[in-house]
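*Asks:* I am attaching a structure below and will ask some questions about it afterwards.
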Amino acid sequence: MADHIPSPVDPTASDNTQSSLSSSSSSSQTLITDTPIQQHTPPTTPSTTTPNTTSAHRSRKQQRVDDRATWVNGKRPKGYRTPEGREAAEKCKNYKSGVSIPYLTHSCKTYEGVLKHAILGAIRSGGVSYGAKALVNLCLGMLKVMKGKASFGKNFLDAFTGADALRFGSFFGMFSFLWKLVNNGLTLYRGTDDRINGAIAGAIAGLALFIEAPERRVTFAQQMFIRSMQGVYNAGKYRGQFSFRHGDALLFAIGSAQVMYAYTMHPDTIPKEFFGFMVKTARVPAEALAFNRTRVRGFPLDLKEVRAMVDRFNPTALALETVANMSETVDALPCAALHPWVDSCRATNIDRFVGVTKVIFPVYATLNFVPLVVLRMKRLLKDPVNVLSKTTFNTLRSSVFLAVFVALYQTQICTHRNLLNAGWFLGNSKYLYWLFGLVSAVSAIMVEQESRRAELAFYVIPKAADSLYRILYRKNWVKGVRHWEVMTFSFAMSLVMSFYQREEQVLSPFVTKMIYHILGKN
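When we follow the working numbering, the leftmost residue of the sequence shown carries the number 84, and every step to the right adds one.
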């Protein structure tokens, strides 16, 4: 239930509470399902036994054992899970441990007890989510305080008394109340605790999204829908039905390509704050993007407006000369108008890389350290040096990832302009900007740690889908549906909560941790 997150172009990943969890050998792993599961272990032969098969820290590059060859008549046994699925189930036990704030519970043997349990759960969930959101807002606001753009007192009041944190806490509190009430009520009424209870309870609890501001409901719906689809995919993968290696990186690349296309060609199809963040991070004037769109669509430039824009950025003599000699029907807006303050494309992109890293590091630090303090205090106190050093390294790595993305995208833009100046007939098609986004994403995502790639993909894909939908809607190719975001969210939470109760390992670690630490036990 991710809130607005700034990443691949807006760092988010408070989503991403990263942890180092040791893996157990697959022969000792089990899976929780509705029915007992046959523990399917392949026969061991001298040729397949290796000295490190029982290592608790299996190398990431080591190939997992594929035991499907041992299926009788080639049929998948009932309850079968791949070694990777059994490993995920074992790891999931570590995700659901070490809460910093005690749960508030009550016996659910009577309907009155169910109601009390739901109320207590709502109080805890609402309080934890409100506090976490207020702390994140406070830390992000401190960046403005340090720059002298706001006072500490105003920042503190806005963080803890603003509608943002209050709505966030109320939403989670109501979701927790409805989920616990319906789920435990159905368990008491039906006399069984199964996936059906979780699915119905999740769908009804999803109506709590009405509490959130309309503009933020879409974010919740998109995020949880994509995560529910991840659960469906993992459920099939862990059953040996299908698997797609590096699918998360591919999703991120495709989503980023669409987002960068929207950024350059259709900025009104992405959130205004998000577009503002992208402009500030890329350090390309918004007016320059508009002038470029004008030429891509075949319209002449207003050279006076171009000159006025360039004059605002302390232009070099070469930039002024280039703009003065520029035709209103130039093939593409030249580099002199994209970075008029420096002539060298290489220098400006190196500066852009360093600048993005420095600016985004405090944001990622906030998004990584606040969840650490709020949700994993016990682990922090137990091993502070290791936890803090690893979190700091991951923060720096994420910052470099975003810097690589931004610098590489602009490098391609500059290269395109330089080739045009050299006489290459490349044109200035709008689809080039989609392709540049794809190349940047494929390269940059390899910098980020593998465990976070799925989270980044799940962040960018909803924004890309929303942008594509708006473009198609504008062309009357699709129609709108009232409150579609609440319906989508309820459907997604029906799947998510069903998985959480019986097969939580198919959900991402972030989702499992968030539900467990904020909503708590059923």
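Glycine included, each C-beta is placed from N, C-alpha and C at the ideal position.
Contact between the stretch 277-288 and the stretch 195-205 is defined here as three or more beta-carbon pairs at a separation below 8 Å; is this criterion met?
*Replies:* In short, these stretches do not touch, since the Cβ pair count stays below three.
*Asks:* Can the beta-carbon of Ala-609 be found less than 8 Å from the beta-carbon of Phe-335?
*Replies:* The shown model of the chain, from 84 to 605, leaves out residue 609, and the question about it has no answer.
*Asks:* Would you call Ile-433 buried or exposed, if buried means 16 or more other Cβ atoms sit within 10 Å of its Cβ?
*Replies:* By 1-based counting over the sequence shown, the position of residue 433 is 350. Counting Cβ neighbours within 10 Å, Ile-433 comes out exposed, since fewer than 16 surround it.
*Asks:* To the nearest angstrom, how far is it from the Cα of Pro-368 to the Cα of Val-413?
*Replies:* For this step, residue 368 is matched to residue 285 along the sequence shown. For this step, residue 413 is matched to residue 330 along the sequence shown. Cα to Cα, the separation comes out at about 19 Å.
*Asks:* Under 8 Å: do the stretch 519-530 and the stretch 487-494 share three or more Cβ pairs, one atom per stretch?
*Replies:* Because the criterion of three Cβ pairs below 8 Å is met, the stretch 519-530 and the stretch 487-494 touch.
*Asks:* As a quick exercise: from Ala-365, Glu-568, Ser-253, pick the residue whose alpha carbon is nearest that of Asn-487.
*Replies:* As a working mapping, residue 487 is identified with position 404 in the sequence shown. Contrary to the premise, residue 487 reads as Val rather than Asn in this sequence. The option with the nearest alpha carbon to Val-487 is Ala-365.
*Asks:* Between Leu-455, His-422, Arg-250, which has its C-alpha nearest Arg-300's C-alpha?
*Replies:* Numbered from its first residue, the sequence shown carries residue 300 at position 217. Cα-wise, what sits closest to Arg-300 is Arg-250.
*Asks:* Is the beta carbon of Ser-212 sitting closer than 8 Å to the one on Phe-255?
*Replies:* By one-based count along the sequence shown, residue 212 stands at place 129. By one-based count along the sequence shown, residue 255 stands at place 172. Yes, they are a contact pair.
*Asks:* For the stretch 573-581 against the stretch 339-352, are there 3 or more C-beta pairs whose distance is under 8 Å?
*Replies:* No, they do not touch.
*Asks:* Is the beta carbon of Asn-477 less than 8 Å from the beta carbon of Gln-532?
*Replies:* In the sequence shown, the residue the question calls residue 477 occupies position 394. In the sequence shown, the residue the question calls residue 532 occupies position 449. Yes, these two residues count as a Cβ contact at 8 Å.
*Asks:* Just mark Lys-596 as buried or exposed, buried being the case when its beta carbon has 16 or more other beta carbons within 10 Å.
*Replies:* To locate residue 596, count along the sequence shown from 1; it is residue 513. Buried, since its Cβ has 16 or more Cβ neighbours within 10 Å.
*Asks:* Round the Cβ separation of Cys-222 and Thr-449 to the nearest angstrom and send it over; I've been treating them as touching at under 8 Å.
*Replies:* For the purposes of this step, residue 222 is taken as residue 139 along the sequence shown, with counting starting at 1. For the purposes of this step, residue 449 is taken as residue 366 along the sequence shown, with counting starting at 1. Contact flag correct, Cβ pair sits at about 4 Å.
*Asks:* Helix, strand or coil: how does DSSP classify Ile-206 here?
*Replies:* Taking the sequence shown and counting its residues from 1, the one referred to as residue 206 is at position 123. Reduced to three states, the DSSP call for Ile-206 is helix.
*Asks:* Please name the residue, chosen from Lys-513, His-600, Val-564, that lies closest to Thr-377 on a Cα-to-Cα basis.
*Replies:* Residue mapping note: residue 377 aligns to position 294 of the sequence shown, counting from 1. Cα-wise, what sits closest to Thr-377 is Lys-513.
*Asks:* Considering only residues of the stretch 509-548, which uninterrupted alpha helix (DSSP H) runs meet the minimum length of 4 residues and lie entirely inside it, listed in chain order?
*Replies:* List check, alpha helix (DSSP H) in window: 514-527.
*Asks:* Output the residue ranges of the alpha helix (DSSP H) runs that lie fully inside the stretch 383-412 and measure 4 residues or longer, sorted by chain position.
*Replies:* Within the stretch 383-412, the complete alpha helix (DSSP H) runs of at least 4 residues are 386-394, 400-407.
*Asks:* Determine the closest residue to Asn-397 out of Ile-601, His-422, Phe-374, with distance taken between C-alpha atoms.
*Replies:* Counting from 1 along the sequence shown, the entry for residue 397 is found at position 314. Taking only the C-alpha atoms, the option nearest Asn-397 is His-422.
*Asks:* If you count every other CB in all the chains shown that lies within 10 Å of the CB of Glu-167, and 16 or more means buried, which is it?
*Replies:* On the sequence shown, residue 167 is found 84 positions in, with the first residue counted as 1. The residue in question, Glu-167, is buried, as its Cβ has 16 or more Cβ neighbours within 10 Å.
*Asks:* How long is the line joining the alpha carbons of Ala-248 and Ala-242, rounded to whole angstroms?
*Replies:* For the purposes of this step, residue 248 is identified with residue 165 of the sequence shown, where counting begins at 1. For the purposes of this step, residue 242 is identified with residue 159 of the sequence shown, where counting begins at 1. About 7 Å.
*Asks:* Please state whether DSSP places Arg-380 in a helix, a strand or coil.
*Replies:* As a first step, residue 380 is located in the sequence shown; it is residue number 297 there, counting from the start. Here Arg-380 sits in coil by DSSP.
*Asks:* Helix, strand or coil for Gln-324, going by three-state DSSP, please let me know.
*Replies:* Stepping through the sequence shown from its first residue, residue 324 is reached at position 241. In the structure shown, Gln-324 sits in coil (DSSP, three-state: anything other than H, G, I, E or B).
*Asks:* If you drop the 5 nearest sequence neighbours on each side, which residues of the same chain put their C-beta closer than 7 Å to that of Leu-198?
*Replies:* Numbered from 1 along the sequence shown, position 115 holds the residue referred to as residue 198. So the list reads Leu-264, once near-sequence residues are dropped.
*Asks:* Please classify Pro-467: is it buried, with 16 or more other beta-carbons within 10 angstroms of its beta-carbon, or exposed?
*Replies:* The sequence position of residue 467 within the sequence shown is 384, counting from 1. Exposed, since its Cβ has fewer than 16 Cβ neighbours within 10 Å.
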